[in-house]
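Residue numbers (UniProt numbering): 1 to 361. Quick reminder that beta carbons are idealized off the backbone N, C-alpha and C, glycines included. Since the model is a prediction, treat every value here as computed from it, not as a measurement.
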Ligand code: ATP
């Protein structure tokens, strides 16, 4: 990031728990108003980062700079940071309005000001008619919104969200994702969101940081991560993909020519391009493969046979056995109603150079 004044600056953050290295020299900036998601498998260090940002955990090494000040050793209550927990952590014996006012009282705000601020945030989140209800009288989605209202009420500079949608069923989750994103846009707040759900991360984030074993695997926009995965880990963790392993045959400008079981394929070169003869893996998303009845005028084209298909509602997943390449299967998504037939007729599969990301490992 080149933001001259990021809201958060994470510098060389390292956290050891005994022998376990939870975070390994993490350095990155978070811009003001950004919706940044930390994404990765269980144990990769997402929550540890979030807890260090919140002041609930001290790093072994490294610093956290918030709004220009070093807050690494500052306790949570001194920071301009608030948090939404997965279980919402609403006080069951308090009404919605009392839950929302609680943090404002802790800040020593006057009664009239608390009422004004609490009413404002409840109305902003369309909760004004729920003020006198208790959490048990609310749906899961409403509770989630109250938790968000409570966290936003003291006007924190940074909001930390630790898998806050984990308790919602799939349908409601989709709705709340949209809602949360819209609230973030309207408040211009900086959201630091943690999830292991790649779909959720793609839907909501301005930027995704993929963590693996306490290190940044890739940092970019959802589109960059999806279409230009830098590593095999990212290509497999985000979405579904075809991984083609072969050898580098040569380079052409910003492209790499690879040999894949005797087929010549071209894709976008990764950073620090490998040399001729070195092994390389390419990633092609399923929806980027196109079906043709004859060899297409495309930089990448292979012939094969459809050996299986699965109806998925909006689309069909096709399995293609590539001719003359033992055990080489490609998977493709096609329109659910126009999919090719399973059978012995040959089909041509083509894809563009920029649909194929060459991976670094
Ligand atoms: P999850 O999605 O399962 O919550 P995560 O990516 O948030 O995973 P962390 O909770 O940050 O992962 O944990 C990173 C590593 O540090 C894991 O190996 C975990 O077991 C370890 N760890 C985290 N907290 C502690 C602790 N208090 N004591 C010992 N080990 C810990």
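Item                                                                                                                 : Value
Which residues DSSP lists as bridging residue 245, in chain order                                                    : 281
Nearest to residue 310 (by Cα), restricted to the options 327, 341, 328                                              : 341
Minimum C-alpha distance to residue 207 - residue among 21, 214, 169, 223                                            : 223
For residue 170: DSSP bridge partner residues                                                                        : BP columns for residue 170 are empty, so no partner.
Length of the line joining the Cα atoms of residue 316 and residue 190                                               : 39 Å
Beta-carbon spacing of residue 13, residue 26 below 8 Å                                                              : yes
CA nearest to the CA of residue 93, picked from 114, 124, 133, 122                                                   : 133
Below 6 Å from a heavy atom of the ligand ATP - residues by beta-carbon                                              : 17, 20, 22, 40, 42, 43, 44, 45, 46, 47, 48, 196
Other residues of its chain near residue 241: CB distance less than 6 Å, five sequence neighbours each side excluded : 235, 283, 285
DSSP-derived helix/strand/coil call for residue 1                                                                    : Because the pLDDT of residue 1 is 49, which lies under 50, any placement of that residue in the model is unreliable, and the number read from its coordinates should be weighed accordingly. Note: residue 1 maps to coil in three-state DSSP.
Every unbroken beta strand (DSSP E) inside the region 305-338 [3 residues or more]                                   : 315-322, 329-335
For residue 17: DSSP bridge partner residues                                                                         : 20
Inter-residue CB distance, residue 160 and residue 44 (contact presumed, cutoff 8 Å)                                 : Contact doesn't hold; Cβ gap of about 17 Å is too wide.
Nearest-angstrom Cα separation, counted from residue 31 out to residue 362                                           : Outside the displayed span of the chain (1 to 361) sits residue 362, for which this structure offers no information.
Bridge partner(s) assigned by DSSP for residue 220                                                                   : 208
Option nearest residue 96 by Cα separation, candidates 65, 142, 306, 72                                              : 142
Three-way DSSP call (helix, strand, coil) for residue 362 in this model                                              : Not covered by the structure: residue 362. The range shown for the chain is 1 to 361.
Neighbourhood of residue 79 by C-beta, 6 Å cutoff - its chain only, sequence neighbours within 5 removed             : 55, 71
Whole-angstrom distance between residue 292 and residue 344, CA atom to CA atom                                      : 15 Å
Residue 46 and residue 194 closer than 8 Å at C-beta                                                                 : yes
Collapsed DSSP secondary structure at residue 141 in the structure displayed                                         : helix
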